[in-house]
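In our numbering, the protein residues as written are 33 to 184.
Notes follow the structure.
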Amino acid sequence: MTPRADQSVPVSDSAARASLAWAVKPSFWSYVLDAGGSITAVGSAEIVGAEVRFPTVAPPAAGGATNRRSFVGGVIFDAHHGALRAAVFDPALEESSTGTTLTARLGIHDVERVALADIDPRTLSATLRLEGAMLFDFRYAPGTELAPVRLV
């Protein structure tokens, strides 16, 4: 049975412990490497192929108006001798009555979380939000398709 868009998909115990795998935006990933830059995993995150895997912090926590599934670690994209620098730390999938959002901190010491992308609950495709455009220094417009997220 396929859930409606407004339904949550049940999460098994193994899925609750799954890591978040995300390639961010493949063309951005390629651009950084083609420019002689680097993509570095930080903390518990690791780079596997052309995506970053962020391990889960704990099973999803329910409470209030939002259910959050939190992940730990970070990734730093660095190119042009530091002129291009983008980072994502401690991403989370936050589910609310309005949908699912991928949030993260953009700096290792940031407290505020930024809503990077809207996530389609059926396909796990990611669409850049206005707030998330900061990650790319507004080079990509809100609504731009990003790499889908996966739970592995």
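All residues carry an ideal CB built from backbone N, CA and C; glycine is no exception.
Distance, Cα to Cα, residue i vs residue j?
i, j, result
"residue 130", "residue 151", "11 Å"
"residue 111", "residue 54", "20 Å"
"residue 155", "residue 180", "8 Å"
"residue 76", "residue 177", "26 Å"
"residue 70", "residue 83", "13 Å"
"residue 80", "residue 72", "11 Å"
Find the nearest neighbour of residue i within the set the options, judged by alpha-carbon distance.
i, options, result
"residue 135", "155, 113, 110 and 103", "103"
"residue 159", "166, 138, 169 and 133", "133"
"residue 66", "73, 173, 109 and 154", "109"
"residue 182", "153, 173, 176 and 169", "153"
"residue 146", "123, 157 and 170", "123"
"residue 121", "173, 80, 167 and 157", "167"
"residue 139", "74, 161, 50 and 63", "74"
"residue 164", "52, 50, 56 and 51", "56"
"residue 63", "141, 125, 117 and 142", "117"
If contacts are defined as beta-carbon pairs under 8 Å, then residue i and residue j qualify, I think. What distance do you get, rounded to the angstrom?
i, j, result
"residue 99", "residue 127", "4 Å"
"residue 184", "residue 85", "7 Å"
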